[in-house]
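For the sequence shown, counting from 1, position 185 maps to 171 in this note's numbering; every step adds exactly one. What follows is a single structure, written as structure tokens, with notes after it.
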Amino acid sequence: MGRIVLEKVQKKFGDVEVIPPLDLTIEDGEFTVFVGPSGCGKSTLLRLIAGLEDTTDGIIKIDDADATHVPPAKRGLAMVFQSYALYPHMSVRKNIAFPMKMAKVPEDEQVRRIDAAAAALNLTDYLDRKPGQLSGGQRQRVAIGRSIVREPSAFLFDEPLSNLDAALRVGMRLEISELHERLKTTMVYVTHDQVEAMTMADKIVVLRAGFIEQVGSPLELYHKPRNEFVAGFIGSPK
Ligand code: ADP
Ligand code: MG
């Protein structure tokens, strides 16, 4: 579960083609990073996968089923944003439980999933605190916990660490990588930060003005950048 295939997916806003028709396969369990300069279409591509934007043309398949016109909530994907809007008056436990309450998940199953998510995110000791009593990194983990309990087939992250200071970013980077190791769930991660891309990805998709310049592992991109743009962006020796 968690294979995402884009076939000739195109996105226009009015007359402006932000994503020219592109093909991309994200394999089950893979940590894929979309990297590229600001405005190159990373968020748009992620939002197309999430269903938060309609495709202008093309097909999106999730686990071999056509998901092109499936509403976001029915795609089985979890989107983690850079701003993590937690409910300030609710405890961590209640924040994490909230989506399950909405989905009418049975009470004992809720408890099981909260305990599992808290263990995976090192939040077990913080379940009874309010968001205001947590650090930025802990709040980000609660936001991720809220998506874990929905047991998605893939996580979609849009620059989740951009609100954090430099030291915290390093820690959270490691934590998200660790989470991927534990869950082995597909993760698609958008960033404009080369270091994040090179250290976290199984596979990097380098975007430039909506085009895919190159797809490959960090080592492939480092040793065999296809052009100057990729080399410059990845920091390869020329
Ligand atoms: P990135 O996430 O890589 O910074 P975006 O996907 O946000 O880039 O934006 C790609 C391009 O699409 C930009 O030129 C942006 O201005 C444009 N764009 C994004 N969303 C909209 C929208 N809702 N309407 C019109 N143009 C948009
Ligand atoms: Mg963006």
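A virtual CB, placed ideally from N, CA and C, is assigned to each residue, including glycine.
Judged by the Cβ position, S29 qualifies as a neighbour of the ligand MG at the 7 Å threshold, a heavy atom of the ligand being closer than this. If you draw a straight line from the Cα of I220 to the Cα of T177, it comes to about 13 Å.
Uninterrupted beta strand (DSSP E) stretches at least 3 residues long and entirely within the region 118 to 185 occur at 140 to 144, 172 to 177, given in chain order. A residue is called buried once 16 or more other Cβ atoms fall within 10 Å of its Cβ, and R98, having fewer, is exposed. Of the residues E182, T11, G15, the one whose Cα lies closest to the Cα of P138 is G15.
Rounded to whole angstroms, the Cβ separation of L32 and D188 is 17 Å, and the two are not in contact under 8 Å.
A distance below 7 Å between beta-carbons, with the five flanking residues on each side excluded, links P58 to the following residues of its chain, in chain order: A36, G37, L38. Checking the DSSP bridge columns, you'll see I(-10) partnered with I12, I48.
With a 10 Å radius around the Cβ and a threshold of 16 neighbouring Cβ atoms, V181 comes out exposed. G202 has I190 as its beta-bridge partners, per DSSP. Its chain contains G123 as the residues whose beta carbon lies nearer than 7 Å to that of G157, once the 5 sequence neighbours on both sides are disregarded; these appear in chain order. Within the DSSP secondary-structure output, M86 pairs in no beta bridge. Cβ contact annotation for F84 (same chain, cutoff 8 Å, sequence separation greater than five): Y73, M76, R132, in chain order. DSSP, reduced to helix, strand and coil, places E3 within a strand of the structure shown.
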